[in-house]
Amino acid sequence: MCRVEEVILTLLQGCNSMHRLRKIHSQAILLGIDHSSAVAGKLLSFCATSSAGNLSYALLLFSRLPNPSTAHWNSLIRGFSVSPSSSYSMSLYNSMVSCSSAARPDAATFSFLLKACSQNGATGKCREAHGSIFRFGFASNIIVCTNLTRAYADNGSVGDARKVFDEMPERDIVAWNSMIACYCRAEMHEEALKVYKQMRIVGFRIDDFTAVGLLSSCAHLGALELGVWVHRFAEENGILDRNVFVGNALVDMYVKCGSLEQACIVFNKMKKRDTFTWNSLLFGLGIHGHGKEAILFFRRMVIAGVQLNSVSFLGLLMGCSHQGLVDEGLEYFHAMSSKFALKPDAKHYGCMVDMMGRAGKLEKAVEFIRASSFVSDPVLWRALLSACKIHKNAEMAEVALGNLIEMSAHNAGDCSLLAGIYASNGNSDGVSKMRKMVKEQGMKTTPGWSCIEVKGEVRKFVVDDISHLDIEEIHKKLMEMINRAIAFGYPAETFKLILREKSPEMYKEWIEHGGSFHSEILAIAFGLARMPEGTILRIVKNMRVCMDCHMLTKHVSRAFDREIIVRDRVRFHHFKDGSCSCNDYW
DNA sequence: CTAGGGTTAG
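In full-length UniProt numbering, the protein residues as written are 1 to 586.
#1: For H136, which three-state DSSP category applies?
#2: Counting only the same chain and skipping the five closest in sequence on each side, list residues whose C-beta sits under 7 Å from that of residue 619.
#3: Evaluate M407 with the Cβ neighbour count: other Cβ atoms within 10 Å of its Cβ, from every protein chain shown; 16 or more gives buried, anything less gives exposed.
#4: Would you call Q119 buried or exposed, if buried means 16 or more other Cβ atoms sit within 10 Å of its Cβ?
#5: Alpha carbon to alpha carbon, what distance is there between A492 and L499?
#6: Give every residue of the same chain whose Cβ lies closer than 6 Å to the Cβ of H290, excluding the five residues on either side of it in the sequence, and list them in chain order.
#7: When the Cα atoms are used, what is the spatial distance from G79 to M18?
#8: Using DSSP with H/G/I as helix, E/B as strand and the rest coil, what is C15?
#9: Just reading off the beta strand (DSSP E) that H573 is part of, what are its end residues?
#10: Report buried or exposed for K502, applying the criterion of at least 16 other Cβ atoms within 10 angstroms of its Cβ.
#11: Only counting the same chain, and skipping five residues up and downstream in sequence, which positions put a Cβ closer than 8 Å to that of E398?
#12: Taking the C-alpha atoms as reference points, what is the distance between F165 and A371?
#13: Name the one or two DSSP bridge partners that I564 has.
#14: Straight-line CA distance for K455 to V566?
#15: Given a cut-off of 8 Å on the beta-carbon distance, is the pair C182 and A153 in contact?
#16: Kindly provide the ranges of any beta strand (DSSP E) runs that are 3 or more residues long and lie completely inside the stretch 215–273, ordered along the chain.
#17: Using a Cβ-Cβ cutoff of less than 7 Å, which residues in the same chain neighbour E5 once the five nearest sequence positions on both sides are dropped?
#18: Determine, using beta carbons only, whether A107 and N141 come nearer to each other than 8 Å.
#19: Return the bridge partner residues of C580 from the DSSP annotation.
#20: Give the DSSP-derived three-state secondary structure of W449 in the structure shown.
#21: Can you say whether I482 is buried or exposed, counting buried as having 16 or more other CB atoms within 10 angstroms of its CB?
#22: Where DSSP assigns a beta bridge to R459, which residues make up the other side?
#23: Helix, strand or coil, according to DSSP, for I29 in the structure here?
#24: Kindly give me the distance between the Cβ atoms of G213 and N177, rounded to whole angstroms, as I take these residues to be in contact under 8 Å.
#25: For Y490, does the three-state DSSP call read helix, strand or coil?
#26: Quick one: grab the DSSP three-state call for G291.
#27: Report yes if the C-beta distance between A529 and I474 is below 8 Å; otherwise report no.
#28: Enumerate in chain order the residues of its own chain whose CB-to-CB distance from F517 is below 6 Å, with the five nearest sequence positions on each side excluded.
#29: Measure the alpha-carbon distance for F368 versus R544 and round it to whole angstroms.
#30: Going by C-alpha to C-alpha distance, which of I173, N155, M179, L44 sits closest to R162?
#31: Which first and last residues belong to the alpha helix (DSSP H) in which C2 is found?
#32: What are the boundary residues of the alpha helix (DSSP H) that W586 is part of?
#33: Excluding five sequence neighbours on each side, which residues of the same chain lie with their C-beta closer than 8 Å to the C-beta of T123?
#34: Using CA coordinates, which residue listed in D561, T70, C546 is at the minimum distance from F488?
#35: Check K502 in the structure and name its three-state DSSP category.
#36: Answer with buried or exposed for S519, where buried requires no fewer than 16 other C-beta atoms within 10 angstroms of its C-beta.
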């Protein structure tokens, strides 16, 4: 390498803007070394991959190279892989392998190509890349495989991702963590925990990345015991203090597992906090029903100079919504754009519709939707529909569903919401009309489930599922539960049939004839049977609690003198002494 | 120029 080349390279080392880069580039041209592989490489990588770079300039530079090297191609492929035109990475790769130049793809080429597949691909693109990786002999490269796993998972093919992972000749901690993260993103949290168990068996220890993935899965599954274990491990191994991600995941885990107190303790102990940390706790206050505290906490955020974002406002507005603080909510909704320069998006609007709707201001909610720029967003009409369910307002619900149908956005859940309203108003024609519609249009229903953690194991119940080995035990407890609840004032209508005939056979028959038990009732019965006296039952479910279950649970909490904490799709219910923290407002 | 893993909302 000649002296001038070294000088140019040194100049490029300190370059931080396109303006400077152009100057250096013209110097290089004057000196006749712009085609030197090293100089061209540095120029390219700056333009293609640095945040101050410029992809068109990178293309220009590249087009002037008579013999681009693998590294040159790689820079360009890498640059496009994270740009809005990530599909161009694939075109570049194709030109690279089809042109007669001496540059062959290396492992890095595939890593960048796969990043592009993650960004915008389809499973088909991943398979194409997979094929090339095989052809060029990189199928056992640990980094390439890790990227391939992620690319498949990001395109919704977690099964393919797992296959690649299983077939890897060896796996390091990054590969394991990546597989766990893939399952987290796919919301397959039980699988994520299983992978972790295997990872431990083969001798890997938890690091920061593992901890974040595990805590996220615990949060989603409500697996408090495992979460507490990860917490202790992270604390003892210093992972917690050095990494803000771990603290954030921990706060979120405690919030989602129903322990707001612990979430606050972790929050207060954290040495460094970012917007995620604050948002997680803000959100936690809201879903635990402390709307007023959420507002105070939000003010604290402003005073502390936290960089607010749109999620912050979503948390705040949801907090207001759960407690019926409509005036405050409206005030902050307006302040969001006028004082904080943040544009509310469809979710914020949806939250406002929910807020007004639940407070019974259905007309106002409709006006709000019609006046907004999101009239054609299904989220808003769906929020209205749910509010109609609470207030048993069939006419308004028909309007909401009508709009959803018009934009072809209706699903089975929407139809059964209206069916539920008809049912509670005694309109059986309406109910069958809705059922027919779901059937005829082949809409898929989401099965309801509830989880409960007993002795560190997460047990999942699905509606009407009687396939459990210990169903007799659950059934027995269920009968006792209902009888005692009735003794404490629970209206018995719903369970008349069972109460007349108290045999397990009748239980099965009840289900087979269309009578049903929501999954949370099964989970609560199981918890009562298995958890020691005095312990809190923690249930996590994927749907909202229904009025019936809510009332039954209130009575059960008194009849058995048990605290029961249920996390439904949007918030927490703390049942104690016959009442619920939501004050029946949800 | 020299590759891969993470958190909040819905």
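Ideal placement from N, C-alpha and C gives every residue a C-beta, glycine not left out.
From a predicted model like this one, the values you see are computed outputs, not experimental measurements.
With the given structure in hand:
#1: One detail in the question is off: residue 136 reads as Phe in this sequence, not His. In this structure, F136 counts as coil in the three-state DSSP scheme.
#2: The chain is shown from 1 up to 586; residue 619 falls before or after that span and cannot be answered.
#3: With a 10 Å radius around the Cβ and a threshold of 16 neighbouring Cβ atoms, M407 comes out exposed.
#4: Of the other Cβ atoms in all chains shown, 16 or more fall within 10 Å of the Cβ of Q119; this residue is therefore buried.
#5: Residue confidence for L499 is low, a pLDDT of 44 falling below 50, so the modelled location carries little weight and cannot support an answer.
#6: So the list is empty, once near-sequence residues are dropped.
#7: Distance between the alpha carbons of G79 and M18: 15 Å.
#8: Three-state DSSP puts C15 in coil, outside helix and strand.
#9: Going by DSSP, H573 is part of the beta strand (DSSP E) stretching over 572–576.
#10: Interpretation of K502 is limited by its pLDDT of 47, a score under 50 that renders its predicted location unreliable; the figure taken from the coordinates is listed afterwards. A residue is called buried once 16 or more other Cβ atoms fall within 10 Å of its Cβ, and K502, having fewer, is exposed.
#11: Cβ within range, chain order: L418.
#12: Spanning the two alpha carbons is a distance of roughly 50 Å.
#13: I564 is bridged to L537, F575.
#14: Our two residues, K455 and V566, have alpha carbons roughly 18 Å apart in a direct line.
#15: Here C182 is near A153, since their CB atoms are less than 8 Å apart.
#16: Listed in chain order, nothing qualifies, since the stretch 215–273 has no complete beta strand (DSSP E) run of 3 or more residues.
#17: Around E5: I33, S36, A38, V39.
#18: Pairing A107 with N141 gives a Cβ-Cβ distance under 8 Å.
#19: As a beta-bridge residue in DSSP terms, C580 pairs with F575.
#20: Annotated three-state conformation of W449 is strand, per DSSP.
#21: By the neighbour-count rule (16 or more Cβ atoms within 10 Å), I482 is buried.
#22: Residue pairing for R459: DSSP places it in a beta bridge opposite I452.
#23: In this structure, DSSP gives I29 a helical state, which the three-state scheme calls helix.
#24: Separation of the CB atoms of G213 and N177 is rounded to 6 Å, and the pair is thereby assigned contact status at 8 Å.
#25: DSSP places Y490 in coil when its eight states are reduced to three.
#26: G291: helix per DSSP, three-state reduction.
#27: It is a contact, given that the beta carbons lie within the stated cut-off.
#28: Counting only Cβ-Cβ distances below 6 Å, and skipping sequence neighbours, we find nothing.
#29: The straight-line gap from Cα to Cα measures roughly 24 Å.
#30: Considering only alpha carbons, the answer is M179.
#31: Segment: none, C2 is in no alpha helix (DSSP H) and carries neither H nor E.
#32: First-last for W586: undefined, no H or E at that position.
#33: These residues qualify, in order along the chain: Y152, N155, G156, S157, D160.
#34: Among D561, T70, C546, the Cα nearest to that of F488 belongs to D561.
#35: Interpretation of K502 is limited by its pLDDT of 47, a score under 50 that renders its predicted location unreliable; the figure taken from the coordinates is listed afterwards. Secondary structure of K502 (DSSP, three-state): coil.
#36: Of the other Cβ atoms in all chains shown, 16 or more fall within 10 Å of the Cβ of S519; this residue is therefore buried.
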